[in-house]
Each structure stands twice: as C-alpha cells, then as structure tokens.
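Shown next, in structure tokens, is the structure this report addresses.
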Amino acid sequence: MTRAKTTDDPADPRIGKQRLARHLGLVRPHRRAVGAEPAPDGVRLDGVRVVLVRTEFAGNLGRTARAMLNMGLTDLRLVRPRFKHLSSDARRPAGHSWEVIKHAQVVDSLDEALADTVFSVGLTSARERARYRVEPFEDVLPRLAEASRQGPVALVFGSEADGMRNEEIGRCTVAAQLACSPESPVLNLAQAVLLACANVFTWRRPAEAPPSLAPDRDPVSHQQLEGYFAQLLALLDRVRFSKKQRADRFEASVRRIFTKSPLDAWEVALLRGMLTAFESAIDHPERAAPKADVDGGKADGKSNRGSGKERSRGKGAVGEKDKDKDRDRA
527 MTRAKTTDDP
537 ADPRIGKQRL
547 ARHLGLVRPH
557 RRAVGAEPAP
567 DGVRLDGVRV
577 VLVRTEFAGN
587 LGRTARAMLN
597 MGLTDLRLVR
607 PRFKHLSSDA
617 RRPAGHSWEV
627 IKHAQVVDSL
637 DEALADTVFS
647 VGLTSARERA
657 RYRVEPFEDV
667 LPRLAEASRQ
677 GPVALVFGSE
687 ADGMRNEEIG
697 RCTVAAQLAC
707 SPESPVLNLA
717 QAVLLACANV
727 FTWRRPAEAP
737 PSLAPDRDPV
747 SHQQLEGYFA
757 QLLALLDRVR
767 FSKKQRADRF
777 EASVRRIFTK
787 SPLDAWEVAL
797 LRGMLTAFES
807 AIDHPERAAP
817 KADVDGGKAD
827 GKSNRGSGKE
837 RSRGKGAVGE
847 KDKDKDRDRA
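My numbering applies: residue 527 is where the sequence shown begins, and numbers increase by one.
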C-alpha cells in the first residue's frame, strides 16, 4: 500500500523549521568562502588544495577549515573521513569557515583527490623514511610556488592516529616536514595545517607598510620639533634633572626617545602644551594646589566655631557656674 503524497500546510505545527523555510522560499543559497589575494611573487592561493586523508575527529576538520580560511585557502578534499563531515561536531569549531566544509569534496582515494594536480606535498613528522627523502617544508616552497602558476597544487595530511603511510607518501610529488622542535615533532592535525598554510600565505609576501599619518594631520616641521626640544631641555634644566646626567649624552638620548616614531604637528603641539602646564605649576604653585588646601576648612563647609556638641557642652558649663554664684549669694 502506497501513501498518498500530501502538500505541506504552513499552518501545520508538525512541519519542521527547515521544511517550512523551503516551503516559504526563505532558504538562502550556499555562499562560497572567499580566499585572500596572493602575493605577486608568492604562491597562487586559489590553486592550493588541502587534502585530509582518513581524518578521525570532526573537531579537527572544523579547526582545519578555520586555519585554511585564516590563510586565504578554500579548496578542501576529504579522503575517506571516519565521520559525517557535515555534522555539528565539525561545524562548531569551524565558526565562520563553515562554507569551506560545506563545499569540500569527499572522495574514496588519494589518487582521486590528486588527479588534476601538478605538484603535491605529503606532510610527515618523520625526518627519515625508508623509501623516501623528507625535505624541510621551507625548501619545498619555491617549487610549490612555481607549480601553482601552472595548475592546482596540494598539501596532503594523514590521519591523527598514524599520519601519512608509505604508500600515501608515494602518491605525492615530495615529502616534507614542518619546522618544529626535534624533541616533540608530532603536531596536532589542525596545528600542522595552520603552520603549513601560514608558510604558504607568507611566502614572498611583502610586509605591510606602517600606518601613515592621519589625513587631517600635518607633518611636523624642523622648526616646530626644535622648538619642542628647546622647551623640554630648558624645563629639565630648570628642575635640575639634566644636572644628574652626562651632558654629552643627555640631549642625544632625549632626542632619540621622541624621534623613534614620527610625530605630527598636532602631537608636538600637545606635548608643548603639557610642558607649558608644568612650567605654570612651577611658577605659580598656589594655582596648581587643590582648592581644599588653599581655603582650609572653609572648602569643606566647616567653620572654626566648633561642633554642636562642643557648643552645648560650653553652654552647660556656663549654666553650672551661674548656679554656684547664686548659692554663694544666698
């Protein structure tokens, strides 16, 4: 007996949220993660593929996707993962990089994941392999960058339990090891992916220039800077601070402190205003003193007449004296 196909009624409370969203046309299309711009002479980031072989823990997949997107990579292939790659255990640590996992391709063999690549690197923690030569990853980067301009390249990582097997290393173009302490060379999967991707991302990438002056700030002139140094040195000499230093080195040290980073005209004006305030406090200490110290007790709203208890005690003492006088008269 076959069940009759029924249409979903949006008013039916038994309909799930996902089905209701599809019925109302509210399901958003999948977005694709956007990678970073490659360096002019570096590795083409859009051609770098990360391949995970026999991954055992979904949390490592989520952290791997996050490490990839942090370094501008988005192409992910999974070879026989031991879990459902779209599970919530993978999504939670992935965070904003969930799109990398959603668009990852799951394949049955390493050969299928490397089919269209022109260069592949098998990452291993072993310095020596019986059949293969293991090179430092830094030495492989020039060939990886050159190959990335010709076609897709791949970074291959083994499982958390036993890493890359010999037959899997044999499928790769070269075997490489990431730089780490020889006392503890075994990295967590997501850590290894982050370290490798960071090396790829920074390869021949020019350092960013330091932030320039704000557009509304004028650069300081030589005359303005010399005026500031003259005022500062005069104030230090006035408080006899410079007398405690070697005269031949003191001025040079002061100048070096304030010229380590470029100053603009507004900053020099602010510093000179501070020095002027210090000079005013030295010339007129009464102006710099707190008001309470200058006015004494009046600033606190207190008078010198004493408290109410003292006045009442005084009145009581006078009253007793008057009674003694009346007794003497009697």
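Think of the CB as a built atom: it goes at the ideal place given N, C-alpha and C, for glycine as much as any other residue.
Exercise. Does the region 601-613 come close enough to the region 567-587 to have 3 or more Cβ pairs within less than 8 Å?
Worked result: Touching, yes.
For this session: Drop a sphere of 10 angstroms on the beta-carbon of Pro607, count the other beta-carbons inside from all chains shown, and report buried for 16 or more, exposed for fewer.
Result: Taking the first residue of the sequence shown as position 1, residue 607 is located at position 81. With a 10 Å radius around the Cβ and a threshold of 16 neighbouring Cβ atoms, Pro607 comes out buried.
Exercise. Mind checking whether Phe645 and Thr728 have CB atoms under 8 Å apart?
Worked result: Walking along the sequence shown from the start, residue 645 turns up at place 119. Walking along the sequence shown from the start, residue 728 turns up at place 202. Not in contact: Phe645 and Thr728 (Cβ atoms no closer than 8 Å).
For this session: Note down, in chain order, each residue of its chain lying with its Cβ closer than 8 Å to the Cβ of Pro555, except the 5 sequence neighbours on either side.
Result: Reading the sequence shown from its first residue, position 29 is the one you call residue 555. Here Pro555 scores only 48 on pLDDT, less than 50, and its place in the model is too uncertain to base an answer on.
Exercise. Are the beta-carbon atoms belonging to Val626 and Ala591 less than 8 Å from one another?
Worked result: On the sequence shown, position 100 is the one that residue 626 refers to. On the sequence shown, position 65 is the one that residue 591 refers to. Closer than 8 Å, so yes.
Exercise. So, Val579 versus Leu636, is the Cβ gap smaller than 8 Å?
Worked result: Stepping through the sequence shown from its first residue, residue 579 is reached at position 53. Stepping through the sequence shown from its first residue, residue 636 is reached at position 110. In this structure, Val579 sits near Leu636, with a CB-CB distance shorter than 8 Å.
Exercise. Hey, Ala701 and Tyr658 are a contact pair by Cβ (cut 8 Å); roughly how many whole angstroms apart?
Worked result: Taking the sequence shown and counting its residues from 1, one reaches residue 701 at position 175. Taking the sequence shown and counting its residues from 1, one reaches residue 658 at position 132. That belief holds up - the Cβ atoms of Ala701 and Tyr658 are roughly 5 Å apart, short of 8 Å.
Exercise. Is Pro732 helix, strand or coil when you go by DSSP?
Worked result: Your numbering for residue 732 matches position 206 in the sequence shown. Collapsing the DSSP output to three states places Pro732 in coil.
Exercise. What are the partner residues of Ala685, as DSSP defines its beta bridges?
Worked result: Here residue 685 refers to the residue found at position 159 of the sequence shown. Checking the sequence, you will find Ser at residue 685 rather than Ala. Answer is Gly689.
Problem set entry | Residues of its chain near Leu761, where Cβ-Cβ distance is below 7 Å and the 5 sequence neighbours each way are ignored | Taking the first residue of the sequence shown as position 1, residue 761 is located at position 235. Annotation for Leu761: Leu801, Phe804 and Glu805 place their beta carbon closer than 7 Å to its own, counting only its chain and skipping 5 residues before and after.
Problem set entry | Run of the alpha helix (DSSP H) containing Glu709, from where it starts to where it stops | Residue numbering aside, residue 709 sits at position 183 when the sequence shown is read from its first letter. Run containing Glu709: none; DSSP gives neither H nor E here.
Problem set entry | Closest by C-alpha distance to Pro668, when choosing among Asn725, Val660 and Asp634 | By one-based count along the sequence shown, residue 668 stands at place 142. When only C-alpha atoms are compared, the closest one is Asn725.
Problem set entry | Distance between Glu661 and Val524 (C-alpha atoms, nearest Å) | Past the edges of the chain, shown from 527 to 856, lies residue 524, and the structure says nothing about it.
For this session: Give the range of the alpha helix (DSSP H) segment to which Glu752 is assigned.
Result: For the purposes of this step, residue 752 is identified with residue 226 of the sequence shown, where counting begins at 1. Looking at the DSSP string, the run of the alpha helix (DSSP H) that includes Glu752 is His748 to Arg764.
Exercise. Which residue's Cα is closest to the Cα of Glu664: Gly689, Ala807, Asp634 and Cys706?
Worked result: Counting from 1 along the sequence shown, the entry for residue 664 is found at position 138. Scanning Gly689, Ala807, Asp634 and Cys706 for the CA closest to the CA of Glu664 turns up Cys706.
Exercise. In angstroms, rounded to a whole number, what distance separates the CA positions of Asn596 and Leu797?
Worked result: Residue numbering aside, residue 596 sits at position 70 when the sequence shown is read from its first letter. Residue numbering aside, residue 797 sits at position 271 when the sequence shown is read from its first letter. The C-alpha of Asn596 lies about 40 Å from the C-alpha of Leu797.
For this session: Using DSSP bridges, identify the partner residues of Thr781.
Result: The residue you call residue 781 lines up with position 255 of the sequence shown. Position check: residue 781 holds Arg in this sequence, whereas Thr was assumed. DSSP lists no partner for Arg781.
Exercise. Taking His629 as the reference, which of Gly621, Asp642, Leu602 and Glu638 has the closest Cα?
Worked result: Working through the sequence shown from its first residue, we reach residue 629 at position 103. When only C-alpha atoms are compared, the closest one is Leu602.
Exercise. Is Lys828 buried or exposed, if buried means 16 or more other CB atoms sit within 10 Å of its CB?
Worked result: By one-based count along the sequence shown, residue 828 stands at place 302. Here Lys828 scores only 48 on pLDDT, less than 50, and its place in the model is too uncertain to base an answer on.
Problem set entry | Whole-angstrom distance between Leu599 and Ala718, CA atom to CA atom | Along the sequence shown, read from residue 1 onward, the residue named residue 718 stands at position 192. Along the sequence shown, read from residue 1 onward, the residue named residue 599 stands at position 73. Taking the CA atoms as reference points, Ala718 sits about 14 Å from Leu599.
Problem set entry | Three-state class that DSSP yields for Ala795 in the structure shown | Start at 1 with the first residue of the sequence shown, and residue 795 comes out as number 269. It is helical.
Exercise. Hey, out of Ala807, Leu713, Val569 and Val765, whose CA is closest to Ala680's CA?
Worked result: Taking the first residue of the sequence shown as position 1, residue 680 is located at position 154. Nearest C-alpha to Ala680: Val569.
Exercise. Are Val712 and Tyr754 closer than 8 Å when you measure CB to CB?
Worked result: Here the question's residue 712 lines up with position 186 in the sequence shown. Here the question's residue 754 lines up with position 228 in the sequence shown. Not closer than 8 Å, so no.
Problem set entry | Helix, strand or coil at Pro607 [DSSP, three-state] | By 1-based counting over the sequence shown, the position of residue 607 is 81. Here Pro607 sits in coil by DSSP.
Problem set entry | Inter-residue Cα distance where the pair is Ser787 and Val780 | As a first step, residue 787 must be located in the sequence shown, where it is residue number 261. As a first step, residue 780 must be located in the sequence shown, where it is residue number 254. Cα to Cα, the separation comes out at about 13 Å.
For this session: Name the two residues that bound the continuous beta strand (DSSP E) containing Glu646.
Result: As a working note, residue 646 is residue 120 in the sequence shown. With the sequence shown as reference, residue 646 is identified as Ser, and Glu is not the correct amino acid for it. Start and end: Phe645 to Leu649.
For this session: Apply the 10 Å Cβ neighbour rule to Ser864 and answer buried if 16 or more other Cβ atoms are within range, or exposed otherwise.
Result: This structure leaves residue 864 out entirely; the chain is present only between 527 and 856.
For this session: Name, in chain order, the residues that DSSP records as bridge partners for Glu661.
Result: By 1-based counting over the sequence shown, the position of residue 661 is 135. Residue pairing of Glu661 in beta bridges, as defined by DSSP: Ala702.
Exercise. Cβ of Ile695 within 8 Å of Cβ of Thr643?
Worked result: Locating residue 695 in the sequence shown gives position 169, counting from the first residue. Locating residue 643 in the sequence shown gives position 117, counting from the first residue. With respect to the 8 Å criterion, Ile695 and Thr643 are not classified as neighbours on the basis of their beta carbons.
Problem set entry | Ser710 burial status per 10 Å Cβ neighbour count (16 or more: buried) | The residue you call residue 710 lines up with position 184 of the sequence shown. Its Cβ having fewer than 16 others within 10 Å, Ser710 is exposed.
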